[in-house]
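Q: Submitted below is the structure of interest, expressed as structure tokens.
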Amino acid sequence: MPYFAGIDVGSLSSDAVIIDGDANILGFSVQPTGAHSTNAAEAALAEALDKAAVSRADLAYIVATGYGRVSVPFAHKRITEISCHGLGAHHLFPDTGTVIDIGGQDSKVIRLDKFGKVVDFSMNDKCAAGTGRFLEVMAERLGVSLDQMGALSQQAQREIEISSVCTVFAESEVVSLIARNQPKAEIIRGLHKAIVGRVWSMVKALGVTGAVTMSGGVAKNQGVVKLMEAKLGQKVHIHSEPQIIGALGAALAALRGGKA
Ligand SMILES: Nc1ncnc2c1ncn2[C@@H]1O[C@H](COP(=O)(O)OP(=O)(O)OP(=O)(O)O)[C@@H](O)[C@H]1O
Ligand SMILES: [Mg+2]
Numbered sequence: 167m168p169y170f171a172g173i174d175v176g177s178l179s180s181d182a183v184i185i186d187g188d189a190n191i192l193g194f195s196v197q198p199t200g201a202h203s204t205n206a207a208e209a210a211l212a213e214a215l216d217k218a219a220v221s222r223a224d225l226a227y228i229v230a231t232g233y234g235r236v237s238v239p240f241a242h243k244r245i246t247e248i249s250c251h252g253l254g255a256h257h258l259f260p261d262t263g264t265v266i267d268i269g270g271q272d273s274k275v276i277r278l279d280k281f282g283k284v285v286d287f288s289m290n291d292k293c294a295a296g297t298g299r300f301l302e303v304m305a306e307r308l309g310v311s312l313d314q315m316g317a318l319s320q321q322a323q324r325e326i327e328i329s330s331v332c333t334v335f336a337e338s339e340v341v342s343l344i345a346r347n348q349p350k351a352e353i354i355r356g357l358h359k360a361i362v363g364r365v366w367s368m369v370k371a372l373g374v375t376g377a378v379t380m381s382g383g384v385a386k387n388q389g390v391v392k393l394m395e396a397k398l399g400q401k402v403h404i405h406s407e408p409q410i411i412g413a414l415g416a417a418l419a420a421l422r423g424g425k426a
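If you read the sequence shown in my numbering, its first letter stands for residue 167, the second for the next number, and so on.
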């Protein structure tokens, strides 16, 4: 039986998914991209193959996506992230009309038709505020890990408003809040509110149709997800591994012989 692989080389994580001819997920991997994106893509593919118990020689087609897709020399085809996140989200949650992907270096809002085809999208890749990088910088400043942020923010009674629009100025604001002994939970909730506000302006401009699926690492942050749901007035779909949705979409494109 032939197998198919999708690899998403992002700014923070390089993710791989292996599927069979019936589009079942057999294995996946999430690896840090680090300084060598080709090595990261290799490592992600190797781990995903290992988990799937599939040998590389049995891969019929490999599609690469993500900003680092040019660094995957062994891919048969390279496809944009927009199409791949759309394909992946539609496959997991067929009622998806809107995908919100918040990754390490950009955030995107994608509108899909009922077949999962992209009809419109909006992207912020000019500014770190409104991306996962913003939360990475602040987590480091606050001395908390990324996976603690969501739970911590839920303990806050209120949020402290972060007024700076820019990551660098917001960081100074956080430094002075820490110096004034303000509760970390309230600062973190304010940071979540800030990032959701930035992404929300894109969501509003594009309009929401159908169910909303969030992809990318920031979808692991329950604090951000809850605030986004409050803004939307509806629940969002979150897969247990939101970072692999782009790679899954790439694998699905591979199954179609490279057609997005
Ligand atoms: N365990 C975690 N808990 C909460 N947030 C996380 C966790 N792991 C990663 N993140 C967030 O996810 C972001 C990275 O997401 P992702 O791996 O989807 O990015 P990427 O695809 O490499 O980036 P891009 O698509 O922008 O090139 C980080 O910046 C961080 O804010
Ligand atoms: Mg990404």
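For every residue, glycine included, the Cβ atom is placed at its ideal position computed from N, Cα and C.
1) Pairs of beta-carbons, one from the region 302–322 and one from the region 381–394, closer than 8 Å: are there three or more?
2) Using beta-carbon positions only, say whether residue 403 and residue 259 come within less than 8 Å of one another.
3) Is it true that the CB of residue 277 sits closer than 8 Å to the CB of residue 263?
4) With hydrogens ignored, establish whether the beta-carbon of residue 179 is closer than 7 Å to any heavy atom of ligand 1.
5) Can you give me the C-alpha to C-alpha distance between residue 391 and residue 255, rounded to a whole angstrom?
6) Whose C-beta lies closer than 8 Å to the C-beta of residue 295 among residues of the same chain, with five residues either side of it excluded?
7) Assuming residue 399 is part of the alpha helix (DSSP H), what are its boundary residues?
8) With DSSP collapsed to three states, give me the class of residue 408.
9) Using 8 Å as the Cβ pair cut-off and three pairs as the minimum, do the region 207–214 and the region 222–242 touch?
10) May I ask whether a heavy atom of ligand 1 can be found less than 7 Å away from the beta carbon of residue 386?
11) Is the number of C-beta pairs between the region 272–290 and the region 181–188 that are closer than 8 Å three or more?
A: Reading off the structure:
1) Cβ pair count under 8 Å is three or more, so yes.
2) Contact: yes.
3) In contact: residue 263 and residue 277 (Cβ atoms closer than 8 Å).
4) For residue 179, the CB falls within less than 7 Å of some heavy atom of ligand 1.
5) When rounded, the separation of the alpha-carbon atoms in residue 391 and residue 255 is 16 Å.
6) Taken in chain order, the residues that qualify are 331, 332, 333, 336, 360, 361, 364.
7) No alpha helix (DSSP H) contains residue 399, which DSSP labels as neither H nor E.
8) Helix.
9) Below 8 Å, enough C-beta pairs join the region 207–214 and the region 222–242 to call them touching: three or more.
10) Yes, the beta carbon of residue 386 sits closer than 7 Å to at least one heavy atom of ligand 1.
11) No: the two stretches stay apart, fewer than three of their Cβ pairs being nearer than 8 Å.
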